[in-house]
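J.: Provided herewith is a single structure, encoded as structure tokens, for subsequent inquiry.
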Amino acid sequence: MMRASVWIPALGAALLLGSAVPPRAAAATGLAFLKNGVDARAVTLGHAVTALVDDASASYWNPAGLAAMRRPQLLLSHVESFGDLRHEYASVTQPLKGSTTVGLAFNGIWTDNMEGYDEAGNPTGAFGYSAYDALLAAGTAGPWGTRLGASFHYLNEAIGSYSASGWAVDLGCQWTWTRSSPFQFGFAVRHLGPAMSFIAESFDLPLTIQGGIAWQKGFSSLGSALTVAAELRHIRDQGMGLLLGGEYLYRNLLSFGAGYLGGEDSRGASLGMGIHHGALALHYGYVPVSQEEMGDDEHRLSLRIDL
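Taking mature numbering (1 follows the signal peptide of the UniProt record, and there is no 0), I'd label the letters of the sequence shown as residues -27 to -1, 1 to 280.
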């Protein structure tokens, strides 16, 4: 009785809170927070960053993007959304000799204690929920204008006194025809791993396949740049979705971005801006919640520091 009273309501809350998508989509896979994305700038661009990502968030989006980095970097990201839900991301990267960069990252989500109830509606005591993804990633330059990357994830989820752990890998690539070409292509497979078992139940990971194209044009006389990206994404049991993003960087000081996240887990439009100064960049992203979703609008903050 105690098992059902704690696990069933807690697991339902965890899936809904972690994914912020309709219940039908959320129930198909576990560790739904892995689908939420990281970094305010990337989420502002509608998650359409597989082809263009070249900072510490590449450890999550596409590890191949790490190969473009020439300086160590620290990225911290925070999300404010549903009630007492906390979602934090931290990543640090270090270029090595040659064209290889490695990264360490932590992606975690947790809630304050919630009250549990049995089937009759009687309180059974408070319980908490947490999940995290600790990962090691690496990207390196490949032949013919490619970058290649891979990452390994250690995954853990805990509800009350019960927990489950597992692993996954990501594989990614980026490709540019020539150095002067404004077009760049990207492809990544994320969260590829075996099913995890939780008490008497097992669930699949949210396997994600994503790829697309980005166009970037710099205007050196203005110190400005324009970026446009379009990608397709397939998440296990959620079908295909279209991702669109655009950003304008003004005088290497201010950036303004917008995006669209389509598909079954559609969040619709997103907006954001960034402030850039030397080795620092601060980004804010806003993602409204649709009528079909639970929770509050998302507000994201990210701080990027070149070390």
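In this text, a Cβ means the ideal position worked out from N, Cα and C, and glycines have one as well.
Going along the chain, which residues of its own chain have a beta-carbon closer than 6 Å to the beta-carbon of residue 155, five neighbours each way excluded?
T.: Locating residue 155 in the sequence shown gives position 182, where the first residue counts as 1. Contacts found: 188, 189 and 190.
J.: Based on DSSP bridge pairs, tell me the residues matched to residue 199.
T.: Within the sequence shown, residue 199 is the residue found at index 226, counting from 1. DSSP output for residue 199 lists 190 and 221 as bridge partner(s).
J.: Between which two residues does the alpha helix (DSSP H) containing residue 14 stretch?
T.: Sequence index remark: in the sequence shown, residue 14 carries index 41 (1-based). Unbroken alpha helix (DSSP H) run through residue 14: 13 to 17.
J.: Please report the distance separating the alpha-carbon of residue 170 from that of residue 104.
T.: Taking the first residue of the sequence shown as 1, we reach residue 170 at position 197. Taking the first residue of the sequence shown as 1, we reach residue 104 at position 131. When rounded, the distance between both Cα atoms is 14 Å.
J.: Roughly how many angstroms lie between the CA atoms of residue 118 and residue 41, to the nearest whole one?
T.: To locate residue 118, count along the sequence shown from 1; it is residue 145. To locate residue 41, count along the sequence shown from 1; it is residue 68. Looking at the two C-alpha atoms, the distance is approximately 11 Å.
J.: Which class does residue 145 belong to by DSSP, given the choice of helix, strand or coil?
T.: Counting from 1 along the sequence shown, the entry for residue 145 is found at position 172. In the structure shown, residue 145 sits in a strand (DSSP, three-state: E or B).
J.: Report the option in 223, 2 and 219 whose CA atom is closest to the CA atom of residue 16.
T.: Within the sequence shown, numbered from 1, the residue matching residue 16 stands at position 43. The option with the nearest alpha carbon to residue 16 is 219.
J.: Quick test of your reading: residue 199 and residue 223, contact by CB under 8 Å. State the CB separation rounded to the nearest angstrom.
T.: By 1-based counting over the sequence shown, the position of residue 199 is 226. By 1-based counting over the sequence shown, the position of residue 223 is 250. Contact flag wrong, Cβ pair sits at about 10 Å.
J.: Considering only residues of the same chain and omitting the five flanking positions on each side of residue 52, which have a CB-CB separation below 7 Å?
T.: What you label residue 52 is simply residue 79 of the sequence shown in a count that begins at 1. Same-chain partners within the cutoff: 60, 271 and 273.
J.: If you follow the beta strand (DSSP E) that residue 64 is part of, which residue opens it and which one closes it?
T.: As a first step, residue 64 must be located in the sequence shown, where it is residue number 91. Secondary structure note for residue 64: its beta strand (DSSP E) is the uninterrupted segment 59 to 68.
J.: Measuring only the C-alpha atoms, how far is residue 340 from residue 68?
T.: Outside the shown range of the chain, which is -27 to 280, sits residue 340, and nothing can be said about it.
J.: Rounded to whole angstroms, what is the Cα-Cα separation between residue 37 and residue 186?
T.: Numbered from its first residue, the sequence shown carries residue 37 at position 64. Numbered from its first residue, the sequence shown carries residue 186 at position 213. The alpha-carbon atoms of residue 37 and residue 186 are separated by roughly 15 Å.
J.: Excluding sequence positions up to five away, which residues of its chain have a Cβ less than 7 Å from the Cβ of residue 2?
T.: Here residue 2 is taken as the residue at index 29 of the sequence shown, counted from 1. Here the set comprises 176, 177, 178, 179, 209 and 210.
J.: By the three-class DSSP mapping on this structure, what secondary structure does residue 36 have?
T.: Counted from its first residue, the sequence shown places residue 36 at position 63. Three-state result, residue 36: helix.
J.: In whole angstroms, what separates the C-alpha of residue 161 from that of residue 201?
T.: On the sequence shown, residue 161 is found 188 positions in, with the first residue counted as 1. On the sequence shown, residue 201 is found 228 positions in, with the first residue counted as 1. One C-alpha to the other measures close to 19 Å.
J.: Let me confirm a value: residue 243 is counted as buried when at least 16 other C-beta atoms fall within 10 Å, else exposed. Which label applies?
T.: The residue you call residue 243 lines up with position 270 of the sequence shown. Burial call: buried.
J.: Closest to residue 215 by CA distance: which of 227, 240 and 228 is it?
T.: As a working mapping, residue 215 is identified with position 242 in the sequence shown. Looking from the CA of residue 215, the closest CA among 227, 240 and 228 belongs to 240.
J.: Nearest to residue 184 by alpha carbon, out of 194, 7 and 148?
T.: Looking up residue 184 in the sequence shown gives position 211. The candidate whose alpha carbon is nearest that of residue 184 is 148.
J.: Please classify residue 151 as buried or exposed, where buried requires at least 16 neighbouring CB atoms within 10 angstroms.
T.: For this step, residue 151 is matched to residue 178 along the sequence shown. When all chains shown are included, residue 151 counts as exposed.
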